[in-house]
Amino acid sequence: MKIIFLHCAARPKGQKSFVVMVCSGWFWMTSLLSDFAAAVARHPERIAIVDGKGREVSFAQLKSRADALASGWHRRGIRKGDRVLLAMPLDADLYAALAALWSLGATVVLPEPAMGLAGLRHAAKLGGVSAFCSGGAFGLLKFALPELWPLRHLRPKQSRGTRPDLPAPDADDIALISFTSGTSGLPKAIPRSHGFLDAQHRAIAPMLHSDAPERDLVSFPVFVLINIASGRTSILPNWKMSRLSRLQPATLAQWLARQSVTRALMPPSLCEKLVETAIPATLHTIFTGGGPVFPDLMRRLTAGKKDLRLVCVYGSTEAEPIAHLDAADISADDNRRMTEGKGLLVGQPVAGLDLRVVDDEVQVAGAHVNSGYLDPAHDVENKVHDGGVIWHRTGDAGYVDAQGRLWLLGRSGTEVDLPQGPSFPFPIEVAARGWEGVTRCALIETAAGACLVVEGDARCLADWQAQAARLGIPKVMQVANIPMDKRHASKIDSAALARLVV
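Throughout the sequence shown, residue numbering follows full-length UniProt numbering, covering 1 to 502 in sequence.
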């Protein structure tokens with residue numbers, strides 16, 4: 001295997017392994033907690049969070065709430081290094097609890113929400129968890145799940161007193177332990193230090209920067225943290241993210257309009273619903289990620305809306321963000337390449353990230369890239385130690401073009417056999433999404449050979465078969481629904497699809 005380091009974005013013809021060095025190095029100066037305190041000082045009366053019930057909490061109120069919780073939980077014995085399992089409704093108390101526990105030096109353990117109770121029980125078994133913090137109906141779980149019985153129970157009850165005067169957490173102290181989605185096995189625990197979260201803030205902040213007092217609809221909890229640290233208003237969903245399939249497009253549009261949302265941070269599945277309804281006039285920017293953002297969706301979102309900006313963000317649980325793309329920057333040649341099966345353009349790697357492609361696989365390193373799992377045994381598969389640098393293997397295949405932009409080819413090792421030779425399914429799926437009548441599609445390997453499974457208008461089946469034949473695909477199957485992932489409903493559930501097709 002050969003790796004060539006490049007300081008420019010050019011990709012030599014035929015080169016299979018290369019590196020784009022975007023930016024290296026980081027010096028820790030701040031933390032999310034100190035940035036939050038600074039935001040409170042700048043904008044004490046500005047609304048920090050509007051929850052799904054329309055309740056508003058200002059930055060000063062959020063800080064006061066966090067200090068009160070810290071005072072009460074300190075009296076309950078929470079100290080630096082304690083691991084606290086957190087299960088709370090998505091509201092202001094959740095973020096006040098995070099700030100309170102972090103100010104006490106505790107580590108917050110967040111279960112994987114897509115796994116439901118199984119995810120909570122899996123997180124509770126993590127070594128060193130000594131307390132369970134719950135809000136609302138989640139408190140009943142303390143008595144229902146045996147894994148929670150031995151843990152101290154913290155509730156966000158009203159407390160009085162000031163936050164204890166404790167030293168600020170060190171950059172290397174673990175702030176958060178979250179989990180991978182578990183789609184390829186049991187979820188892996190991912191530790192995130194205070195330094196890591198601050199680096200992630202610095203990586204995301206330039207992309208979200210605005211001189212205007214934006215009102216952001218935020219569907220990704222990590223971006224709420226970024227907004228709080230930046231002094232920006234976050235509008236939370238008024239629907240359950242685990243039940244996106246039940247959300248009506250009109251409900252989404254009404255919430256955006258009622259809250260005068262100016263920007264939306266949402267997965268592609270919500271963007272699909274947004275194109276089915278009238279986009280409120282206040283909304284001028286959409287940031288979308290968490291799953292592939294296909295060219296046809298970009299076109300439908302921006303058609304006839306010259307003032308609507310669309311930014312696509314590519315990242316992973318271990319590295320968020322990796323690259324971003326303004327839809328307005330996609331050229332006619334870019335669109336042609338995507339429709340011809342050359343992959344999906346995801347844009348320029350973000351500043352502060354080192355990116356390389358080795359044997360078609362995208363690997364990243366940097367301050368906001370997770371350097372290892374809580375269990376070192378999990379590092380073997382996804383981490384590469386190279387000259388003092390820890391590279392994270394994303395598992396995504398891709399390449400960098402002459403402009404230094406990243407293109408994705410799908411998951412590594414997913415090639416299917418076609419008459420022209422082994423091919424990644426994803427570029428073909430990107431192209432097929434542009435065919436008339438196609439809603440979703442997936443190219444899979446079956447006992448009878450490669451098959452393009454299509455969700456869409458069955459009246460177009462003959463056309464799909466003709467176009468698939470030109471790409472060397474012998475079989476097309478139409479289905480009513482292609483199963484999607486539980487986290488954001490933006491990625492195809494390959495295991496469930498395989499069971500459906502067999």
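We treat Cβ as the ideally placed atom computed from N, Cα and C, and that holds for glycine.
Beta-ladder partner(s) of residue i, from DSSP
{"i": "Tyr399", "result": "Trp407"}
{"i": "Ala264", "result": "Leu217, Ile286"}
{"i": "Pro422", "result": "Asp417"}
{"i": "Val177", "result": "A quick correction: the sequence has Ile, not Val, at residue 177. Partner(s): Val109, Pro191."}
{"i": "His385", "result": "Ile390"}
{"i": "Met477", "result": "Val453"}
Status (buried if at least 16 other CB within 10 Å, exposed otherwise) for residue i
{"i": "His7", "result": "Note on His7: pLDDT 27, under 50, position unreliable in the model; the coordinate value appears next. The residue in question, His7, is exposed, as its Cβ has fewer than 16 Cβ neighbours within 10 Å."}
{"i": "residue 504", "result": "Because the chain is modelled from 1 through 502, residue 504 falls outside the range shown and cannot be assessed."}
{"i": "His385", "result": "exposed"}
{"i": "Asn481", "result": "exposed"}
{"i": "Ser331", "result": "exposed"}
{"i": "Phe426", "result": "buried"}
{"i": "Asp329", "result": "exposed"}
{"i": "Lys491", "result": "buried"}
{"i": "His209", "result": "exposed"}
{"i": "Asp333", "result": "exposed"}
{"i": "Gly25", "result": "Since pLDDT at Gly25 reaches only 30, below the 50 mark, its modelled position is unreliable, and the value read off the structure follows with that caveat. Flag for Gly25 reads exposed."}
{"i": "Glu340", "result": "exposed"}
{"i": "Leu186", "result": "exposed"}
{"i": "Glu45", "result": "exposed"}
{"i": "Ser193", "result": "buried"}
{"i": "Trp464", "result": "buried"}
{"i": "Gly127", "result": "exposed"}
{"i": "Leu325", "result": "buried"}
{"i": "Trp149", "result": "exposed"}
{"i": "Asp67", "result": "buried"}
{"i": "Asp485", "result": "buried"}
Secondary structure of residue i, DSSP reduced to three states
{"i": "Arg356", "result": "strand"}
{"i": "Ala212", "result": "coil"}
{"i": "Leu497", "result": "helix"}
{"i": "Met207", "result": "helix"}
{"i": "Pro295", "result": "helix"}
{"i": "Tyr373", "result": "coil"}
{"i": "Ile235", "result": "strand"}
{"i": "Val380", "result": "helix"}
{"i": "Pro191", "result": "strand"}
{"i": "Asp485", "result": "coil"}
{"i": "Asp51", "result": "coil"}
{"i": "Gly456", "result": "strand"}
{"i": "Gln259", "result": "coil"}
{"i": "Val22", "result": "Residue placement at Val22 cannot be trusted, given a pLDDT of 36 that sits under 50; what the coordinates show is reported in the next sentence. The answer is coil: DSSP assigns Val22 none of H, G, I, E or B."}
{"i": "Ile492", "result": "strand"}
{"i": "Arg309", "result": "strand"}
{"i": "Ile330", "result": "coil"}
{"i": "Thr277", "result": "coil"}
{"i": "Ile78", "result": "coil"}
Whole-angstrom distance between residue j and residue i, CA atom to CA atom
{"i": "Gly195", "j": "Cys451", "result": "46 Å"}
{"i": "Leu33", "j": "Ala212", "result": "23 Å"}
{"i": "Leu297", "j": "Gly388", "result": "41 Å"}
{"i": "Phe223", "j": "Leu265", "result": "8 Å"}
{"i": "Phe424", "j": "Arg76", "result": "55 Å"}
{"i": "Glu381", "j": "Asp170", "result": "29 Å"}
{"i": "Trp73", "j": "Thr288", "result": "37 Å"}
{"i": "Glu445", "j": "Thr414", "result": "9 Å"}
{"i": "Arg215", "j": "Leu310", "result": "16 Å"}
{"i": "Asp354", "j": "Leu443", "result": "31 Å"}
{"i": "Trp28", "j": "Leu197", "result": "For Trp28, the predicted model reports a pLDDT of 33, less than 50, meaning its position is unreliable; a value from the coordinates is still stated below. Approximately 11 Å between the Cα atoms of the pair."}
{"i": "Gly52", "j": "Gly372", "result": "35 Å"}
{"i": "Phe132", "j": "Ala402", "result": "51 Å"}
{"i": "Lys142", "j": "Gly116", "result": "15 Å"}
{"i": "residue 509", "j": "Arg160", "result": "Nothing in the structure corresponds to residue 509, since the chain is present only between 1 and 502."}
{"i": "Lys16", "j": "Val362", "result": "Confidence at Lys16 is low in this model, with a pLDDT of 39, below 50, so the placement of that residue is unreliable and no value is reported for it."}
{"i": "Glu112", "j": "Asp360", "result": "30 Å"}
{"i": "Ala365", "j": "Val358", "result": "13 Å"}
{"i": "Ala48", "j": "Arg499", "result": "45 Å"}
{"i": "Asp375", "j": "Pro191", "result": "10 Å"}
{"i": "Asn227", "j": "Gly135", "result": "22 Å"}
{"i": "Leu145", "j": "Lys306", "result": "52 Å"}
{"i": "Ala319", "j": "Thr162", "result": "36 Å"}
Interface flag, residue i vs chain D, CB-CB below 8 Å
{"i": "Gly456", "result": "Given the protein chain composition of this structure (a single chain), no chain D is represented."}
Closer than 7 Å: residue i CB and nearest the ligand MG heavy atom
{"i": "Ala458", "result": "Among the components modelled here there is no ligand, and therefore nothing to report on the ligand MG."}
Is the segment 380-397 touching the segment 434-441 in the sense that three or more CB pairs, one from each, lie closer than 8 Å?
no
Between the segment 472-480 and the segment 411-420, do three or more beta carbon pairs fall short of 8 Å?
yes
Assess contact between the segment 239-251 and the segment 195-207, defined as three or more Cβ pairs (one per stretch) separated by less than 8 Å. Is contact present?
no
Three or more C-beta pairs closer than 8 Å, one from the segment 87-95 and one from the segment 270-278: is that the case here?
no
Counting Cβ pairs, one atom from each stretch, are 3 or more of them under 8 Å apart for the segment 80-89 and the segment 55-68?
no
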